[in-house]
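In my numbering, the protein residues as written are 445 to 761. Ideal placement from N, C-alpha and C gives every residue a C-beta, glycine not left out.
Quick look at the structure:
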């Protein structure tokens, strides 16, 4: 049994947010090799209050209201002025649920330090909580079993001048930089592989027709999200009939590292406010004087194998 802390900016398609964080939570719940000890929320895909309320809602739908869910960072490390608040409609709909007391960074420190070498952090949002935890307790980096991160792009680029780095890194590159250089064992699952694992309308129908209450709910949200993306990107064939399962792949490689091909690398991140904010500089260690690796990165994926595993797991819920 692999014990994890799931750190998430969960949106589950509402309001107009990515759905894959919710699927990552569901997949972690469905996999018998994973035990979710703690969930922490972070500003990113949505504001942290919305992420917290929706995580509590999803935990209830999955029958896991017993999992401690602790609210985390409201803004990037160096930009506290970018704090956001939940829309009134979200508070009215989900505000009856209350998270566990405390702060995410402290909860992460307490749990990892109490269980040395046993806890894997699966970070599927910006890394603000993880970096803050390392500032509180520098020994966290050597005490955590490993950190598996959905983030980054290593063999390509985003092709968006307004967001040159992958979203989770671009939102808080200073936090990502701190985690990357902490000395912790880190594996990155980035856009190089996550864009290749895609949930399509046929998959959505398969979930909608499933006997599971969560699967049918998730199938409806998948169809709505694909429709939303099609409207936002009318000339982009990639968004016409499918959506990427970024965060579930990061969960899947915890018990099943064989789904992706790994390479050691030395990676650095452009921080600050310049035009290249959040861009990752990747050295694949091919030169005679290459630096020492500071992480492993996913460079290829068994998309069919992952999707078969994913659909089998989710339709069981």
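- The shortest CA-to-CA distance from residue 706 to any of 633, 596 and 466 is the one to 633.
- When secondary structure is reduced to three states using DSSP, residue 612 falls in the helix class.
- In this structure, the straight-line span from the alpha carbon of residue 608 to that of residue 733 is close to 28 Å.
- Excluding five sequence positions before and after residue 708, the CB atoms of its chain that fall closer than 7 Å to its own CB belong to 729, 737 and 740, given in chain order.
- Straight-line measurement puts the Cα of residue 613 at about 6 Å from the Cα of residue 596.
- Cβ atoms of residue 574 and residue 536 stay farther apart than 8 Å, at about 32 Å.
- Under the three-state reduction of DSSP output, residue 652 falls in the helix class.
- From the listed residues 747, 621 and 761, the smallest Cα separation to residue 572 is found for 621.
- Going by DSSP, residue 588 is part of no beta strand (DSSP E) at all; its letter is neither H nor E.
- Here residue 594 is bridged, per DSSP, to 633.
- Assigned with DSSP and collapsed to three states, residue 577 falls in helix.
- Annotated as proximal: residue 453 and residue 487, with beta-carbon spacing under 8 Å.
- A residue is called buried when at least 16 other Cβ atoms come within 10 angstroms of its Cβ; residue 570 meets this threshold and is buried.
- By a beta-carbon distance limit of 8 Å, residue 448 contacts residue 698. Their separation comes to about 7 Å.
- In the DSSP assignment, residue 482 is bridged to 449.
- Straight across, the Cα-Cα distance linking residue 703 with residue 490 is about 29 Å.
- The stretch 543-556 makes no contact with the stretch 642-652; the number of CB pairs closer than 8 Å stays below 3.
- Taking all protein chains shown into account, residue 467 has 16 or more neighbouring C-beta atoms within 10 Å of its C-beta and is therefore buried.
- Per DSSP, the continuous alpha helix (DSSP H) segment holding residue 692 begins and ends at 690-696.
- Distances from the CA of residue 496 to each of 538, 505, 523 and 624 were compared; the closest alpha carbon is that of 538.
- For the stretch 508-535, not one full-length beta strand (DSSP E) segment reaches 3 residues or more.
- Around the beta carbon of residue 555, a 10 Å sphere encloses 16 or more other beta carbons of the protein chains shown; the residue is thus reported as buried.
- DSSP places residue 570 in the coil class of the three-state scheme, outside both helix and strand.
- A distance of 8 Å or more separates the beta carbons of residue 542 and residue 636.
- In the displayed model, residue 617 falls within a helix according to three-state DSSP.
- Spatial neighbours of residue 723 in its own chain (CB-CB distance under 6 Å, excluding positions within 5 residues in sequence) are listed in chain order as 608, 609 and 714.
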